[in-house]
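The structure appears right after this line, and notes come after that.
2 protein chains.
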Amino acid sequence: MKQNQEVVLLRQPETRPIAADFELRNADMPSLGDGEMLVETLYLSLDPYMGTAIKGKHLSGGVGAGDVMPGETIARVVESLHPDFTTGDLVLTRSGWRRYARATTADKLPSLPDGVPASAYLGVLGMPGLTAWAGTVRLAQPLPGQTFVVSAASGAVGSAAGQIAKNMGARVVGIAGSAEKCAYVRDRFGFDACVDYKQANWRDALAAACPDGIDAYFDNVGGTILEGVLLRLALGARIVLCGMMQQYVSATPLPGPALGPIIGKRATMKGLVVYDHADLLPTWRRVGAEWIQTGRLYFKEERVTGLDAAPAALERLMAGGNFGKLVVEVAPG
Amino acid sequence: MKQNQEVVLLRQPETRPIAADFELRNADMPSLGDGEMLVETLYLSLDPYMGTAIKGKHLSGGVGAGDVMPGETIARVVESLHPDFTTGDLVLTRSGWRRYARATTADKLPSLPDGVPASAYLGVLGMPGLTAWAGTVRLAQPLPGQTFVVSAASGAVGSAAGQIAKNMGARVVGIAGSAEKCAYVRDRFGFDACVDYKQANWRDALAAACPDGIDAYFDNVGGTILEGVLLRLALGARIVLCGMMQQYVSATPLPGPALGPIIGKRATMKGLVVYDHADLLPTWRRVGAEWIQTGRLYFKEERVTGLDAAPAALERLMAGGNFGKLVVEVAPG
């Protein structure tokens, strides 16, 4: 007899979540009706937006105390009363922090390209990768030779955005939160430079890394880093606002940066919500997989094992302590 | 014998200027060389950017202590050694706060359309009007039926921008600083509504005036008003940053508004510098003059008489006390 498990949110945190805000518990196995299927979670994705969702403030809908945590998963169909799915199918779905779940629809994965693991469809070929692709090719639009800067550069979105811009011919500068992350960003993700924002002189380092100014900025953090970047814009710069980690972990809304440089540099700032760009997913899966296979797109996963490890992993993610796309291995692949 | 006069800046103010920061003094008449002409100022334009220029911070170049104040003027050629100009020509030039000036080049005005005074080429058909035209038709791009909001709505830029948007079919809501100004904005400039931001409940009034949200916002002030508008954006909103009066009069840079709504509403924010849009001037002069003649564009001038009145008028402008485009009548027309 299979035992189902799930993780619930015990209380909405005011700032960033800690592991004790969650509880793992046993749950009943779902029963199936016509057109439904039972899926077993292989991989669960942990993403920064969850920090907003559990404060009840995210676009995807809030999560309240007592709710099972939502989340994207790669799952295997273990029983199907659905005409389009059969046992053994690999699917991308939003079954949440559960071992087993009932699903009525799902995104059947293509047969895996050589060298591309199923978990990549949660990360570099999934929502974070699509975010990077849409924000870079559709909004930031770096030209060859221009300077492209991205914050949270060692993260799932940032590392992909920088490599996409690099493959478009731009000079790419990352911003990340430690010397170790910066070295990785340069050496493995192939950025031209990376600035450690935890160093007091990071603004000078950014200026030195961008002698001709910043033509395109992919912002994943907001706050003081965004403010520092605005002071180094080139004429006609494009700024893509994608995430605001400094806001996610704050109890009250923070003021934004002074916007004078937007006028002075005739800049354009655009907000990015990945859900608007779902039309680009098939293209990105194709291009991204090809780049992975030809060594032009590198991705880093950090895996933790078991649903019980998910709360502490999310705590670490929201504190900036992870390194690479966080994936929970829920069931043995 | 003609007596020349000029106004100099005595000291760079830290916040907003007062009349005592300036001095009117007699000056020598300029002598002319080949290719030069002597012009007599008829009208001198006073504009908000001067508040930044005298702090040494404006794009047009700073003004230092002891410098004659710069400024746009309508002048008459009184002596010419220039092959393209003859005595009596009306020109638009940047001869500054002077009675007489030497000029080597100028923008010869077209013959004045019926009902359009020469001073209009400093205001509604000049730089402020072009700012409104470029920001509205090129950047904000309101569609028929959309809601267009503009701050400093009783000013030279704001009143023109609102009427341009109205002529494009938009619903137009102004923001201004008194009940009297708001009544004028509605009754004479023909806006659909106007919100007095000096009332404590102005945010509620703005929400009531924009039940479907704000599709386009032409910002002339920045600061807390921009912040209030961001909270009412409609999906896909365009925000044009044009001026930041709240910054101009502050000794230190102020923080900006929280930018979360830019993401949530997939908004686009663009900086506007009128000098980039000089290509639109002939079109605007033609369309604007036609609209003035057919009653579709109303403009308000506030005139003061004599160069000696200019410092106090600028003080009042920077304190928000003017009402309509400020013009100094320097010489009897």
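For the record, the sequence lines run as chains V and B. First residue of the first sequence: 1, per this note's numbering; consecutive thereafter. First residue of the second sequence: 1001, per this note's numbering; consecutive thereafter. Beta carbons are placed, not taken as given, at the ideal position from N, Cα and C, and that holds for glycine.
Pairing L1226 of chain B with P1255 of chain B gives a Cβ-Cβ distance that is not under 8 angstroms.
When Cβ-Cβ separations below 8 angstroms define contact, V1157 of chain B makes no contact with chain V. Closest by C-alpha distance to P117 of chain V, out of V:G320, V:G288 and V:E315, is V:G288.
DSSP places Y217 of chain V in no alpha helix (DSSP H) but in the uninterrupted beta strand (DSSP E) bounded by I214 to D219. The CB of R1266 of chain B comes closer than 7 angstroms to the CB of G271, V273 and D276 in chain V, given here in chain order. Here the segment 1099–1117 of chain B makes no contact with the segment 1156–1174 of chain B; the two share fewer than three CB pairs at distances below 8 angstroms. Within chain V, the residues placing a beta-carbon under 7 angstroms from that of G1222 of chain B are L259, ordered along the chain.
In this structure, the CA atom of G1162 of chain B is about 22 angstroms from the CA atom of R266 of chain V.
For L280 of chain V, the nearest beta carbon of chain B is not closer than 8 angstroms to its own beta carbon. Under DSSP, L326 of chain V shares a beta bridge with V:E302. Between K300 of chain V and S159 of chain V, the gap from beta carbon to beta carbon is short of 8 angstroms.
Chain V places no beta carbon closer than 8 angstroms to that of I1175 of chain B, leaving this residue out of the contacts. Excluding five sequence positions before and after D1034 of chain B, the CB atoms of its chain that fall closer than 7 angstroms to its own CB belong to L1081, given in chain order. At a cut-off of 8 angstroms between beta carbons, P255 of chain V contacts chain B.
The bridge partners DSSP lists for L1307 of chain B come to none. Relative to the Cα of E329 of chain V, the nearest Cα in the group V:Y217, V:L122 and V:I214 belongs to V:L122. Chain-order list of chain V residues neighbouring I1262 of chain B: L241, M269 and G271, by C-beta distance under 7 angstroms. Linking T1136 of chain B to L1143 of chain B through their CA atoms gives a straight-line distance of about 11 angstroms. Between V1039 of chain B and V1077 of chain B the beta-carbon gap is near 6 angstroms, inside 8 angstroms, which marks them as a contact. For D1196 of chain B, no alpha helix (DSSP H) segment is defined; the enclosing uninterrupted segment is the beta strand (DSSP E) at A1193 to D1196. When secondary structure is reduced to three states using DSSP, N1004 of chain B falls in the strand class. Closest in C-alpha terms to I1262 of chain B, from the list V:G324, V:I262, V:G264 and V:G271, comes V:G271. The alpha-carbon of A179 of chain V is positioned some 6 angstroms away from that of D196 of chain V. Going by C-alpha positions, T1147 of chain B is about 36 angstroms away from Q146 of chain V. Beta-bridge partners assigned by DSSP to M1269 of chain B: V:M269 and B:I1239. For G223 of chain V and G213 of chain V, the gap between their C-alpha atoms comes out near 20 angstroms. In the structure shown, S119 of chain V adopts helical secondary structure according to DSSP, grouped into three states. Taking C-beta atoms as the reference points, Q5 of chain V and A27 of chain V count as a pair closer than 8 angstroms.
Residue state for S154 of chain V is assigned as coil, using DSSP reduced to three classes. About 7 angstroms separates the CB atoms of G1064 of chain B and Q1012 of chain B; that is less than 8 angstroms, so the two are in contact. With fewer than 16 other CB atoms across the displayed protein chains lying within 10 angstroms of its CB, N1201 of chain B is exposed.
The residues L46, V304, L326 and V328, in chain order, have a CB closer than 7 angstroms to that of A313 of chain V in the same chain once the five nearest residues on each side in sequence are set aside.
Ranked by Cα distance from I164 of chain V, the first of V:A152, V:A134, V:P113 and V:Y184 is V:A134. Sequence-distant Cβ neighbours of L230 of chain V in its own chain, meaning closer than 6 angstroms and more than five residues away, are P257 and P261. For E180 of chain V, the enclosing alpha helix (DSSP H) stretches over residues A179 to D187.
Within the same chain, and ignoring the five residues on either side of A1132 of chain B in sequence, the residues whose Cβ sits closer than 7 angstroms to its Cβ are V1157, A1160, A1161 and I1164.
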